[in-house]
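These notes concern the structure reproduced below.
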Amino acid sequence: MSILSTIQAKKAKRKKSLAVLIDPESTDERHLDSLLRLAIDAHVDYFFVGGSTVNYSEMDKVLSFLEVSEDIPVVIFPGNTNQLSNKADALLYLSLISGRNPELLIGKQVESVPFLRSSSLEVMPTGYILIDGGTKSTVAYISNTTPIPHDEIDLTLATALAGQYLGMQLIYLEAGSGAKLPVSTAMIQTLSSELTVPLIVGGGIRTPERAKASAEAGADIIVVGNILEKDPSLVMDLSIAIHETKSIHSAQ
Ligand code: 1GP
Numbered sequence: 675m676s677i678l679s680t681i682q683a684k685k686a687k688r689k690k691s692l693a694v695l696i697d698p699e700s701t702d703e704r705h706l707d708s709l710l711r712l713a714i715d716a717h718v719d720y721f722f723v724g725g726s727t728v729n730y731s732e733m734d735k736v737l738s739f740l741e742v743s744e745d746i747p748v749v750i751f752p753g754n755t756n757q758l759s760n761k762a763d764a765l766l767y768l769s770l771i772s773g774r775n776p777e778l779l780i781g782k783q784v785e786s787v788p789f790l791r792s793s794s795l796e797v798m799p800t801g802y803i804l805i806d807g808g809t810k811s812t813v814a815y816i817s818n819t820t821p822i823p824h825d826e827i828d829l830t831l832a833t834a835l836a837g838q839y840l841g842m843q844l845i846y847l848e849a850g851s852g853a854k855l856p857v858s859t860a861m862i863q864t865l866s867s868e869l870t871v872p873l874i875v876g877g878g879i880r881t882p883e884r885a886k887a888s889a890e891a892g893a894d895i896i897v898v899g900n901i902l903e904k905d906p907s908l909v910m911d912l913s914i915a916i917h918e919t920k921s922i923h924s925a926q
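Structure, rendered in structure tokens:
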């Protein structure tokens, strides 16, 4: 079964997932080793690996390390085409649809085709939407795009639906790593009740309570990065909080 099909099947059953984001620039072997063991114990659903300014060799080190863990699928969350690798299981094939930077809407995707044509990576078309998280995020700076204001729910919904109508299979709401304000539950609720594709939410989620609130509002996958760099042991409580949740508000 493909990873996308498992994500869709979990959504159909209203099962929530935790994705642990590993930024190869902010980790080392010791941290990775303890995070991997804790994540397996906590039944983490996915590893997302990538970052705004990561290079191939940093990426390769982390992916080689994670290759030993067959239990948790490894998904590339690319900041650039140099982060593509056959050592992962799947790729979030991002198009930054909240921005108007053609390079990130279609340019990088075209550049990635020679690699993808000869690769076994599963490609998952994903509409990537930046939401203002209360600080200027690295991704907003690097992508040279303006995030959608935190409370602009209608515009975010229109953007997400446009992505879905274009055929994107996942929608990813991103408040930016280390965001002061995570994506609001009101925004998640509105989007999840209108979208038929799974919804991924990340940026600034630091506590099990917040993760649970996002899942209850209708997020299908909650992404947590920063806080686990500081305290990997939090992964267990995050996982319990997310896995015991079913959306309260989602239409399905
Ligand atoms: C993934 O950028 C986020 O969507 C991760 O954010 O590092 O704040 O958890 P944090």
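Those letters in the sequence shown? Residues 675 to 926, by our numbering. Idealized CB from N, CA, C, for every residue including glycine. Quick caveat: nothing in here was measured; it's all calculated off a predicted structure.
In the displayed model, isoleucine 746 falls within coil according to three-state DSSP, outside both helix and strand. Going by DSSP, threonine 800 is part of the beta strand (DSSP E) stretching over 796-804.
Distances from the alpha-carbon of aspartate 707 to those of Ser743, Thr680, Ile677, Arg688 put Ser743 closest. Excluding the 5 residues flanking it on each side, leucine 765 has same chain C-beta neighbours closer than 6 Å at Ile750, Leu795, Val797, in chain order. Taking the Cβ of serine 851 as the reference point, at least one heavy atom of the ligand 1GP falls within a distance shorter than 6 Å. Judged by beta-carbon spacing, threonine 919 lies beyond the 7 Å limit of glutamate 883, meaning their Cβ atoms are not closer than that value. Annotated three-state conformation of serine 769 is strand, per DSSP.
Within the same chain, Cβ atoms closer than 6 Å to the Cβ of glycine 852 are found at Asn900, the five residues on either side in sequence being excluded. Secondary structure at valine 736: helix, using DSSP grouped into helix, strand and coil.
Serine 817 counts as buried, since no fewer than 16 other beta carbons sit within 10 angstroms of its beta carbon. Taking 7 Å as the cut-off, the beta carbon of valine 748 is found closer than this to the beta carbon of phenylalanine 721. Short note on glutamate 848: C-beta closer than 6 Å to some heavy atom of the ligand 1GP. The closest CA to that of leucine 712, considering only Ile914, Ile922, Leu855, is found on Ile914.
Residue state for leucine 706 is assigned as helix, using DSSP reduced to three classes. Under the criterion of beta carbons closer than 8 Å, aspartate 719 and leucine 692 qualify as touching, at roughly 6 Å. Short note on leucine 765: C-beta not closer than 6 Å to any heavy atom of the ligand 1GP.
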